[in-house]
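A.B. asks: Take this structure first; my questions come after.
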Amino acid sequence: MMVVVGLSHRTAPLEIREKLALPREQLGDLLRQLVDQPELGEVLCVSTCNRVEIIAVPRENNPQGLSRASDVLRRFLEEIARSNGGGEIGRHLYAHRGYDAALHLFRVASSLDSIVVGEPQILGQVKEAFEEAQAAGTAGTVLTRVVSRALHAAKRVRSETAIGEGQVSVSSVAVDLARQIFGALAGRVVLLIGAGEMAEAAAQSLEHAGARLVVVNRSHERGVELAQRVGGVSCPWSELDAAVLEADVVISSTSSRGFVLPRELVARSVRQRRGRALFLIDIAVPRDIDPDVNSLDNVFLYDIDDLEGIVQETRKGRAIEAQKAESIVAEEVRALDAWIEARGVTPTIVALRTKVRATLQTELERSLAGRLRHLHESDRAALNAMLDAAVNKLLHAPTTHLRKAASEPRGEQMARMLRDLFDLPEVSIVADAADAKSSKKN
Numbered sequence: 026m027m028v029v030v031g032l033s034h035r036t037a038p039l040e041i042r043e044k045l046a047l048p049r050e051q052l053g054d055l056l057r058q059l060v061d062q063p064e065l066g067e068v069l070c071v072s073t074c075n076r077v078e079i080i081a082v083p084r085e086n087n088p089q090g091l092s093r094a095s096d097v098l099r100r101f102l103e104e105i106a107r108s109n110g111g112g113e114i115g116r117h118l119y120a121h122r123g124y125d126a127a128l129h130l131f132r133v134a135s136s137l138d139s140i141v142v143g144e145p146q147i148l149g150q151v152k153e154a155f156e157e158a159q160a161a162g163t164a165g166t167v168l169t170r171v172v173s174r175a176l177h178a179a180k181r182v183r184s185e186t187a188i189g190e191g192q193v194s195v196s197s198v199a200v201d202l203a204r205q206i207f208g209a210l211a212g213r214v215v216l217l218i219g220a221g222e223m224a225e226a227a228a229q230s231l232e233h234a235g236a237r238l239v240v241v242n243r244s245h246e247r248g249v250e251l252a253q254r255v256g257g258v259s260c261p262w263s264e265l266d267a268a269v270l271e272a273d274v275v276i277s278s279t280s281s282r283g284f285v286l287p288r289e290l291v292a293r294s295v296r297q298r299r300g301r302a303l304f305l306i307d308i309a310v311p312r313d314i315d316p317d318v319n320s321l322d323n324v325f326l327y328d329i330d331d332l333e334g335i336v337q338e339t340r341k342g343r344a345i346e347a348q349k350a351e352s353i354v355a356e357e358v359r360a361l362d363a364w365i366e367a368r369g370v371t372p373t374i375v376a377l378r379t380k381v382r383a384t385l386q387t388e389l390e391r392s393l394a395g396r397l398r399h400l401h402e403s404d405r406a407a408l409n410a411m412l413d414a415a416v417n418k419l420l421h422a423p424t425t426h427l428r429k430a431a432s433e434p435r436g437e438q439m440a441r442m443l444r445d446l447f448d449l450p451e452v453s454i455v456a457d458a459a460d461a462k463s464s465k466k467n
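Residue numbers (the numbering used here): 26 to 467.
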């Protein structure tokens, strides 16, 4: 019913992931470009600092349709990487189909596949991805149901387990790294470059630790707002050099497509720091800080992949809660699978009802045009109502049994038998843009 193709922190290093970072302002056009492909009916994209994944519903709900959809998505991602100078990324890509695809998406939404297991940001990111697909008109009935169930599963995980307790975000891990470097952060100058969600999360932790916060953001007004909320100060972007010079720690998390801190800028700061160490923590994807700064004396750079060691400790404490979460996710995926299976027999039921009613309607119209042509309109309407009631009663039992058997192997056998007995056409579920637009209106 669906496929997932992408890469994440588990399969690709940062220098590969950043080649697939998709600007949000281009996402709608990319989604529409994908759904125009004959193999794809519904599409959404989850793009974060740790993963880029495309979730799609093929137009044809069969193994061949799933395979063709996977191939289209793989080629699409490989082309994006090449256009960004990423070269060959095929070995870093994974593909999940059918039940495995749904399970993967549910685990992602529930933060079981995150660098920091239990972090809350991914739930909002999946929701935003779905809203982008809705706005682009590429999310239809199936994706609406799938994402709704995935978000429901994630909320159950957060409410029924303690997986979200403690250090549960990349930003908090970055702050913990700063603590390890300096011991106490009280009085230390921490420069935040960027004023987005990750920067704000880091700022709140740093404020509690007593650090002196300086915020630099391209939008100075937004930087001022964040600084005021966390008791820091804001500097205009034009004073970035001076802010780096004064800082003990720099945490950068912008959405820039190029280096915010190139090697030359950091080198200028090093020459004026008189041996004072500079610690740089880059939690942006694509990276904000030129990795070549590591070659400078007394400069220590950590990127988002370097935080993995600290994160491993947080995973140990949440292992039991993660097991509980996995059980919840599996239960929710089974419920979705039952719906998908029931949806699979629906075309057969519709075809059966259509054929039976059409056959009876033909015979009724023949009688109304012959021996019963003298009947008044009200009598004709009564006969049509009786025909509808007869169809409902006649087909109630077979349709009920077929729906109940839909989630079992015999469900497809029963559906095929009905198609053979009543000479019904072969049917398949077809997802398309019209379905997506209908879902958007509703």
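Even for Gly, the Cβ is constructed at its ideal location relative to N, Cα and C.
This one's a predicted model, so the numbers in the text were calculated from it and none came from an experiment.
Should Pro316 be counted as a contact of the ligand MN given a C-beta to heavy atom distance under 7 Å?
C.D. replies: Summarising the ligand content, the structure contains no ligands, and the ligand MN is consequently not present.
A.B. asks: Grouping DSSP H, G and I as helix and E and B as strand, with all else coil, what is Ile79?
C.D. replies: Ile79: strand per DSSP, three-state reduction.
A.B. asks: Who are the near neighbours of Leu420 in its chain, counting only those whose CB is closer than 7 Å to its CB and skipping five residues on each side?
C.D. replies: For Leu420, where only same-chain residues beyond five positions count, the Cβ hits under 7 Å are Leu377, Arg378, Val381.
A.B. asks: Tell me the DSSP secondary structure of Leu32 in three-state form.
C.D. replies: Note: Leu32 maps to strand in three-state DSSP.
A.B. asks: Using 8 Å as the threshold, is the C-beta distance between Arg181 and Ile353 below it?
C.D. replies: Their beta carbons are under 8 Å apart, which means Arg181 touches Ile353 by this criterion.
A.B. asks: Would you call the stretch 438-453 and the stretch 391-405 touching, i.e. three or more CB-CB distances under 8 Å?
C.D. replies: No contact exists between the stretch 438-453 and the stretch 391-405.
A.B. asks: Our contact map puts Leu332 next to Leu251 with C-beta atoms below 8 Å; I'd like the distance itself, whole angstroms only.
C.D. replies: Contact doesn't hold; Cβ gap of about 22 Å is too wide.
A.B. asks: Locate the beta strand (DSSP E) running through Val239, then write down its first and last residues.
C.D. replies: Taken as a continuous stretch (DSSP letters only), the beta strand (DSSP E) holding Val239 covers 237-241.
A.B. asks: What does the Cβ neighbour count give for His23, buried or exposed, with the cut at 16 atoms within 10 Å?
C.D. replies: In the structure as shown, the chain starts at 26 and stops at 467, and residue 23 therefore has no counterpart that could be examined.
A.B. asks: Please look up how many angstroms separate the CB atoms of Val469 and Val255, rounded, as I've assumed it's under 8 Å.
C.D. replies: The first residue shown for the chain is 26 and the last is 467, placing residue 469 beyond what the model contains.
A.B. asks: Under 8 Å, with one C-beta from each stretch per pair, do the stretch 48-60 and the stretch 32-40 reach the 3-pair mark?
C.D. replies: Contact between the stretch 48-60 and the stretch 32-40 is absent, because fewer than three Cβ pairs lie under 8 Å.
A.B. asks: With a threshold of 7 Å on Cβ separation, who are the neighbours of Glu43 within its own chain once the five nearest residues in sequence on each side are excluded?
C.D. replies: So the list reads Val310, Pro311, Arg312, once near-sequence residues are dropped.
A.B. asks: Taking the beta strand (DSSP E) that Arg122 belongs to, which residues open and close that run?
C.D. replies: Residues 119-122.
A.B. asks: Can you tell me where the beta strand (DSSP E) with Asp328 in it begins and where it stops?
C.D. replies: First-last of the beta strand (DSSP E) with Asp328: 324-328.
A.B. asks: Ile468 and Val241: beta carbons closer than 8 Å?
C.D. replies: Outside the shown range of the chain (26 to 467) lies residue 468, about which nothing can therefore be said.
A.B. asks: For Glu67, count neighbouring Cβ atoms within 10 angstroms of its own Cβ and tell me buried if that reaches 16, exposed if not.
C.D. replies: Label assigned to Glu67: buried.
A.B. asks: Quick one, are the C-beta atoms of Phe131 and Ala158 less than 8 Å apart?
C.D. replies: Contact flag unset, no.
A.B. asks: What's the C-alpha gap between Leu303 and Phe155?
C.D. replies: Rounded to whole angstroms, Leu303 to Phe155 spans 40 Å at the Cα level.
A.B. asks: Kindly indicate which three-state DSSP category Leu69 falls into: helix, strand or coil?
C.D. replies: Strand.
A.B. asks: Do you know whose CA, among Arg93, Ala160, Val167, Leu45, lies nearest Arg102's CA?
C.D. replies: It should be pointed out that residue 102 corresponds to Leu in this sequence rather than to Arg. Comparing Cα positions, the closest option is Leu45.
A.B. asks: Starting from the C-beta of Ser212, find all residues in its chain whose C-beta is less than 6 Å away, skip the five residues before and the five after it, and write them out in chain order.
C.D. replies: Looking at the sequence itself, residue 212 is Gly, so the reference to Ser does not match. Once the five neighbours on either side are set aside, Gly212 has no close Cβ partner at all.
A.B. asks: Can Ala215 and Ala267 be called in contact, C-beta distance under 8 Å?
C.D. replies: Correcting the residue type first, residue 215 is Val in the shown sequence and not Ala. Cβ atoms of Val215 and Ala267: not closer than 8 Å.
A.B. asks: According to the neighbour-count rule (16 or more other Cβ atoms, all chains shown, within 10 Å of its Cβ), is Val269 buried or exposed?
C.D. replies: By the neighbour-count rule (16 or more Cβ atoms within 10 Å), Val269 is buried.
A.B. asks: Between the alpha carbons of Ile147 and Ile79, how many angstroms are there, rounded?
C.D. replies: Approximately 15 Å, taken between the alpha carbons.
A.B. asks: Mind reading off the beta-carbon distance from Val151 to Val172? Whole number of angstroms is fine, and I expect it under 8 Å.
C.D. replies: Going by Cβ atoms, the distance from Val151 to Val172 rounds to 7 Å, so yes, they are a contact pair.
A.B. asks: Just the Cα atoms here: how many angstroms apart are Glu357 and Ala178?
C.D. replies: Whole-angstrom Cα-Cα distance: 6 Å.
A.B. asks: Rounded to whole angstroms, what is the Cα-Cα separation between Ala407 and Ala414?
C.D. replies: Spanning the two alpha carbons is a distance of roughly 11 Å.
A.B. asks: Do Ala134 and Val12 come within 8 Å of each other at the CB atom, strictly closer than that value?
C.D. replies: Only positions 26 to 467 of the chain appear in the structure, and residue 12 is not among them; the question remains open.
A.B. asks: Counting only the same chain and skipping the five closest in sequence on each side, list residues whose C-beta sits under 6 Å from that of Thr424.
C.D. replies: Closer than 6 Å at the Cβ level, and outside the excluded window around Thr424, lie Ile374.
A.B. asks: Using DSSP bridges, identify the partner residues of Leu216.
C.D. replies: Beta-bridge pairing links Leu216 to Val239, Val275.
A.B. asks: Mark Glu104 as exposed unless 16 or more other C-beta atoms lie within 10 angstroms of its C-beta, in which case mark it buried.
C.D. replies: Glu104 should be labelled exposed.
A.B. asks: Between which two residues does the beta strand (DSSP E) carrying Leu472 extend?
C.D. replies: Because the chain in this structure spans residues 26 to 467, residue 472 falls outside the shown range and cannot be described.
A.B. asks: Grab the span of the alpha helix (DSSP H) containing Ser95 for me, first residue to last.
C.D. replies: Here the alpha helix (DSSP H) through Ser95 covers 88-108.
A.B. asks: In the DSSP output, what is Cys16 paired with across the bridge?
C.D. replies: Only positions 26 to 467 of the chain appear in this structure, which leaves residue 16 out of reach.
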